[in-house]
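**Student:** In this text, residue positions in the sequence shown follow my numbering: the first is 17, and each later residue adds one.
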Amino acid sequence: MGLTAPKAVLFDWDNTLVDSWGCILAAMNGTLRRMGHEEWNLNEAKDRVALSLRDSFPKLFGERWLEARDVFYAEFEAIHIKHLKPLAGAAEMLERLAGLGVTLGVVSNKNGRFLRQEAAHLGWDKWFHRLVGATDAAHDKPAADPVALALKDSGIEAGRAVWFCGDAEVDMHCAANTGCLPILLRQDEPREGEFDRHPPFVHVDACNKLADLANELLVPISLI
Numbered sequence: 017m018g019l020t021a022p023k024a025v026l027f028d029w030d031n032t033l034v035d036s037w038g039c040i041l042a043a044m045n046g047t048l049r050r051m052g053h054e055e056w057n058l059n060e061a062k063d064r065v066a067l068s069l070r071d072s073f074p075k076l077f078g079e080r081w082l083e084a085r086d087v088f089y090a091e092f093e094a095i096h097i098k099h100l101k102p103l104a105g106a107a108e109m110l111e112r113l114a115g116l117g118v119t120l121g122v123v124s125n126k127n128g129r130f131l132r133q134e135a136a137h138l139g140w141d142k143w144f145h146r147l148v149g150a151t152d153a154a155h156d157k158p159a160a161d162p163v164a165l166a167l168k169d170s171g172i173e174a175g176r177a178v179w180f181c182g183d184a185e186v187d188m189h190c191a192a193n194t195g196c197l198p199i200l201l202r203q204d205e206p207r208e209g210e211f212d213r214h215p216p217f218v219h220v221d222a223c224n225k226l227a228d229l230a231n232e233l234l235v236p237i238s239l240i
């Protein structure tokens with residue numbers, strides 16, 4: 017079965033549309049220090065950061081997870097706009113997809129307030145039907161709830177005509193849970209075994225190539 021022309025495209029945010037690793041690592045290490053834990057290096061952060069804070073911090077900090085949450089939010093809020101950096105071609109891709117009439121949304125495990133602040137700062141919020149972050153829905157990604165919320169009032173139901181684009185296994189898992197088409201959108205090739213449980217349908221290594229794929233499926237070829 018080939019690619020289905022998209023009625024909607026849902027994006028992860030961090031490291032799918034914006035480069036967030038520097039900011040995430042700085043805020044996380046500030047939290048780990050305050051909580052008496054060893055700091056992480058970048059590779060450790062990439063391996064460990066995927067689930068939302070409310071799903072990951074209880075496992076990491078136990079009974080003190082609410083204290084750690086408050087520390088992390090304070091650390092993150094102080095620096096996240098300063099560190100905000102769009103990935104190459106992301107703005108142009110969003111503009112092209114919107115111009116094709118595709119409904120766009122975001123399903124992120126970043127706190128919803130921070131997510132919407134960042135989208136507004138970049139001037140990207142005009143392109144999105146809805147930006148859904150952690151705690152906006154009853155459960156966070158990879159649950160189906162945030163996808164349903166992102167598509168609410170769009171007239172579009174989750175399915176293969178909804179592309180779910182992200183850079184991590186949790187995104188492919190969320191796509192599988194909702195019947196959306198899982199698309200790995202990142203420069204790096206998949207690591208061995210990384211997506212064994214929830215494989216992407218296709219790997220796209222640049223934003224402009226995703227827009228090209230949608231354009232090929234949505235715009236009829238003129239025969240001259």
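Beta carbons: idealized from backbone N, C-alpha and C, even for Gly.
This structure is a prediction, so every number in the text was calculated from the model and none was measured.
Checking 8 Å against the spacing of the C-beta atoms, do E111 and V34 come in under that value?
**Tutor:** Contact flag unset, no.
**Student:** Kindly indicate which residue of H145, R176, L41 has the alpha-carbon position closest to the one of P216.
**Tutor:** Checked all of H145, R176, L41; the closest Cα to P216 is R176.
**Student:** For F27, which beta-bridge partners are listed by DSSP?
**Tutor:** Answer is V122, C181.
**Student:** Pair every Cβ in the region 41-56 with every Cβ in the region 87-101, then say whether three or more of these pairs are closer than 8 Å.
**Tutor:** Touching, per the Cβ criterion.
**Student:** Can you name the start and end residues of the alpha helix (DSSP H) that L201 belongs to?
**Tutor:** Looking at the DSSP string, L201 is not in any alpha helix (DSSP H); the run it does join, the beta strand (DSSP E), is 197-201.
**Student:** Quick one, are the C-beta atoms of L201 and L233 less than 8 Å apart?
**Tutor:** No.
**Student:** Counting pairs of beta carbons, one from the region 135-142 and one from the region 63-72, are three or more of them closer than 8 Å?
**Tutor:** Not touching, per the Cβ criterion.
**Student:** In the DSSP assignment, what residue or residues form a beta bridge with P102?
**Tutor:** Looking at the DSSP assignment, P102 forms a beta bridge with V34.
**Student:** By how many angstroms is the C-alpha of E208 removed from the C-alpha of I199?
**Tutor:** Roughly 17 Å separates the two Cα atoms.
**Student:** Looking at V235 and L19, is the spacing between their C-beta atoms short of 8 Å?
**Tutor:** Going by C-beta atoms, L19 is not nearer than 8 Å to V235.
**Student:** I want to know whether the region 149-160 touches the region 178-193 - three or more CB-CB distances under 8 Å.
**Tutor:** As far as the Cβ criterion goes, the region 149-160 touches the region 178-193, which means the pair count is three or higher.
**Student:** Just mark K75 as buried or exposed, buried being the case when its beta carbon has 16 or more other beta carbons within 10 Å.
**Tutor:** The residue is exposed, with fewer than 16 neighbouring Cβ atoms inside 10 Å.
**Student:** If you count every other CB in all the chains shown that lies within 10 Å of the CB of R146, and 16 or more means buried, which is it?
**Tutor:** Burial call: buried.
**Student:** Measuring CA to CA, which of T32, A84, L26 is closest to H53?
**Tutor:** Measuring from the Cα of H53, the nearest candidate turns out to be A84.
**Student:** Shortest alpha-carbon distance to D28 belongs to which of P162, M51, A230?
**Tutor:** Checked all of P162, M51, A230; the closest Cα to D28 is P162.
**Student:** May I have the straight-line CA-CA distance separating S124 from D183, to the nearest angstrom?
**Tutor:** So the alpha carbons of these two residues sit roughly 11 Å apart.
**Student:** Going by DSSP, what residues sit across from R146 in a beta bridge?
**Tutor:** Per DSSP, G121.
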